[in-house]
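So the sequence shown is numbered by the working numbering: it starts at 2 and just counts up by one.
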Amino acid sequence: MCLFDISDTATEKLPLLEELELTLDNFSSSCFIDLQNRCPHLRTLKVNRQDYNTDVQPPDHEVTEASYKDVALTIAHFLPELRHLQLIGNPMTNMGLEAMLDLRRSMSKI
């Protein structure tokens, strides 16, 4: 489990988590899968990335490896129930921007 190195004890209490702010320098897309699975009530996510040159590493999954270089596309795919999203210093392609615009119908703040 990745979940940004949060302990198993802490993750037992995360199912009711609604807001999360992360400052990261490197992470894998499996972290977003963990968030989807362990925090189904997550509605606000702030991801502030410090190392802009590091690609998000893909897990073994159906979505193409290229799409995981785009944090916005990864979040749109795995966390579609978000209502508020803040991305600072995260890679975003045109495809990721389109995915965010598609999601904005359900988001109150992007």
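Just so it is clear, CB atoms sit at the ideal spot from N, CA and C, and this is done for glycine as well.
With respect to the C-alpha of I89, the residue from V72, D103, H78, M96 having the closest C-alpha is V72.
In this structure, DSSP gives R39 a helical state, which the three-state scheme calls helix. For L74 against L46, the beta-carbon gap comes to about 14 Å, at or over 8 Å, which does not count as contact. For the set R44, L25, T24, the Cα lying nearest the Cα of L15 is the one of R44.
Within the model, the alpha-carbon separation for C40 versus D103 is close to 22 Å.
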